[in-house]
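**Q** Numbering (full-length UniProt numbering), first residue to last: 41 to 911.
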Ligand code: NTF
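1) Would you mind sorting residue 361 into buried or exposed? The rule is 16 or more other CB atoms within 10 Å of its CB.
2) Quickly, what does DSSP pair residue 314 with across the bridge? List them, please.
3) On the DSSP letters alone, give me the boundaries of the beta strand (DSSP E) that residue 513 sits inside.
4) Is it right to say residue 568 is buried, meaning 16 or more other beta carbons lie within 10 angstroms of its own, or is it exposed?
5) Counting by C-beta, which residues lie closer than 6 Å to a heavy atom of ligand 1, in chain order?
6) Out of 826, 806, 873, 688, which has the shortest C-alpha to C-alpha gap to residue 235?
7) Which whole-angstrom value is the C-beta distance of residue 636 and residue 755, which I expect to be below 8 Å?
8) Roughly how many angstroms separate the alpha carbons of residue 491 and residue 650, rounded to a whole number?
9) Inspect the beta-carbon positions of residue 873 and residue 785 and report whether they are closer than 7 Å.
10) Counting only runs of 4+ residues fully inside the region 804-854, write out the alpha helix (DSSP H) ranges in chain order.
11) Quick one: what's residue 305 bridged to in DSSP?
12) Quick one: grab the DSSP three-state call for residue 488.
13) Could you check which residue in 445, 170, 631, 615 has the C-alpha nearest to that of residue 869?
14) Run through the DSSP bridge pairs and tell me what residue 235 is partnered with.
15) Give me the residue from 782, 725, 817, 446 with the minimum Cα distance to residue 239.
16) Which same chain residues, not among the five before or five after residue 162, have their C-beta less than 7 Å away from its C-beta?
17) Where are the alpha helix (DSSP H) runs, 4 residues long or more, that stay fully inside the region 576-622, in chain order?
18) Is the number of C-beta pairs between the region 207-221 and the region 302-311 that are closer than 8 Å three or more?
19) Residue 349 by DSSP, collapsed to three states: which one?
20) Within 10 angstroms of the Cβ of residue 456, are there 16 or more other Cβ atoms? Answer buried if so, exposed if not.
21) Give me the Cα-Cα distance between residue 984 and residue 222, rounded to the nearest whole angstrom.
22) Could you give the DSSP three-state label for residue 270: helix, strand or coil?
23) Based on the DSSP secondary-structure assignment, which residues constitute the bridge partners of residue 496?
24) Return helix, strand or coil for residue 217, following the three-state DSSP convention.
25) Find the nearest neighbour of residue 42 within the set 71, 385, 550, 113, judged by alpha-carbon distance.
26) Please confirm if the region 78-93 is in contact with the region 882-891, defined as three or more CB-CB distances below 8 Å between the two stretches.
27) Give the secondary structure of residue 548 by DSSP, where H, G and I count as helix, E and B as strand, and everything else as coil.
28) Could you tell me how far apart the beta carbons of residue 124 and residue 186 are, in whole angstroms, since I believe they sit closer than 8 Å?
29) Which partner residues does residue 682 have in the DSSP bridge list?
30) Taking the beta carbon of residue 742 as the centre, do at least 16 other beta carbons fall within 10 Å, making it buried, or is it exposed?
31) Which of helix, strand or coil does DSSP assign to residue 57?
32) Taking contact to mean at least 3 C-beta pairs separated by less than 8 Å, is the region 717-737 in contact with the region 611-620?
33) Below 7 Å between beta carbons: does that hold for residue 494 and residue 248?
34) Could you say which of 794, 816, 858 lies nearest to residue 768 if we only look at CA atoms?
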């Protein structure tokens, strides 16, 4: 690799080569030097926050050494590179994960070693823990100082985070590109039962995990006009876009360490800065203040993450974010490609770009613009390169989530891009016309431009399909659905080979080893894998099957679950002002029933809380008819229903569902008659670090979306990987989870996706009323049982079912839901052994859902990329 350092100087560089710390002693030395030099603190004023900072800096030092080597290796070998473009990376905390993934140079040591070197599973965690103890700190407290990097809304952003972990672990030369929002997803407070959003200023203290590359500044233009020149050339010719507003994109890099490899990849997040160019016209007019203000506006582009999940809020600033990020990333990618001095036609052999949903679709247009306008390639030659480079993942079929941008807005913000979009569409429609002559209906259905009554709009999903060589869904059912519904016409046009499936997955490093150290330890002991190799080859978990009915093993398995339930109970107590929700003694025989995910009508938290109300009312009836507590417990064993999740700030119905959950909790938890038999709790501010405590603690988790609406779901995989059973609908990845773990080990219920249209149609035209069980619940709500001050508070939830067509089919699935819950009760309380067997078999067969498998599938079938292994 090239360098400007003269040959004779290199000896000195090599003599002073930086070294990783490898032992506890070396770590402590590094730690103290960071306390003193980086933080300018000392033994006399090092608190937990400073200790977190110094630990992270030290660990980062090690990662940076491997990061540099990884980049050098990749430059030298020049493999095909992969770029994963995602507007969201829901990373959570970095330190604990780095301690698990990081490799030191002395991994191998004798059993029985003391705390001087690594002790367990080849991770650095134990070593650092002991080293911290000696320094006077508790690792757990230090880890708790780290704010979550919450740069995402939900599943889509967390998927991207799992993918970068797996890409590094698989040694793929792959970078993530995203935005460095100063405010991540809002922090949720619950005040009087209502969600209140407060800003998440996560960069309050310096972020030790980011490396600012201030020397790289990519100018990004907006607005302005296209200069067509004197003799009005064609839009297909190289054109001049004269931008009207300019900002700079500055990258911040986050090292992404692979597990059991020295590969450390890069996550590059862009931040917007004002240019140093100055508007002298304004200045000379005496308008100094305004010209400064205009510049300050630049920073607003990357100020805040849009807090919507599965919903499009078509704001100009959001479109600006998208272009800013696509343009900066492509500039970077193209610059790196050009260093290799290869022909443009080889671009798709050198680079694969995966776009995470339609948010990065402008990158397709931007590459075409770069090739035609700046690099002067022929339009068609350029388009061939573009379409061979990009691939597109769709994550939803929900109409309200599909991105469409008004022509007027797009044309004003990006005038040249709109021309290019028109031309892309023009050639595409010509091809369609050739294949299906005179089908005007088809042409208007598939046109990138939607000619709706009010405003013409650009359909980003169609543009993404046309500009990509592969389109994938995220679970089998979902990938089938997109082919038969929203993208049906495109299957007809392109054939079905363009459409494929890559079922989602999760990283077992964070979601098993890190979140559930006790279970990880039991597994590694049981399958005799002290080095945790099963975390790289999850098929090894099948060895657990033979212990599924082994009583001794079942007891150990159960003890781990009890530990994790206690850990969650402790967290809840802390969040609940020190008040226990479940008495300690009862935790063991209380079923933990958990639903944590974004609050959305399609995910049907309302059905869950209706089920809770139903249970409560029925228990009350039993007690009032003279049944004893013991008799009630037989039918309705102890249970705590735990909820968590954020609503989009503007989503009225979702916010009302949160309020209902909290109101029901108020009534049920304070009902003396009910005692400890039923409890309800809403965990405020659900996020990744809380999920790491919550997920291992479930006996049962709920994945009960209306069939056909949840593209995949990924928390379903996390819960099963942690030994929880699932109650779920036949939707998303639940289908494949069932296939893998066996239908005896999952509680499925409800109508199938293929019947949804018909059921909805029925609701529209013949109102058949709701089943008696649901009527009982809705009546109680309407009578103010949970809103004594305001009986109509929850009417909108009742009306949506009774009067507005019950779009999410709660009334159709409710009875099956209740009876399946009763089945759950029976198995859990009458046949604990059977329950444990199901739990063990589930974990044994969940290996398919490792995100390592996803990345391999993407690499083999979409990217055509190979790993670059360290020597
Ligand atoms: C989400 N989609 C889906 O709703 C989830 O089912 C899926 O697990 C994740 O993507 C990850 O694939 C979105 O967030 C979006 F943006 F597409 F609506």
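All residues carry an ideal CB built from backbone N, CA and C; glycine is no exception.
**A** In this structure, then:
1) buried
2) 287
3) 510-513
4) exposed
5) 194, 195, 196, 199, 349, 350, 397, 435, 436, 441, 514, 544, 750, 751, 752, 753, 754, 772
6) 688
7) 7 Å
8) 42 Å
9) no
10) Listed in chain order, the complete alpha helix (DSSP H) runs (minimum 4 residues) inside the region 804-854 are 812-822, 835-842.
11) 296
12) coil
13) 631
14) 230.
15) 725
16) The pLDDT assigned to residue 162 is 47, lower than 50, so where the model puts this residue is not dependable, and the model offers no usable value.
17) Within the region 576-622, the complete alpha helix (DSSP H) runs of at least 4 residues are 591-615.
18) yes
19) coil
20) buried
21) Given that the chain is displayed from residue 41 to residue 911, the structure contains no residue 984 and the question cannot be resolved.
22) coil
23) 491
24) strand
25) 113
26) no
27) helix
28) Not a contact, Cβ separation roughly 24 Å.
29) 634, 721
30) Result: buried.
31) coil
32) yes
33) no
34) Here the closest residue by C-alpha is 858.
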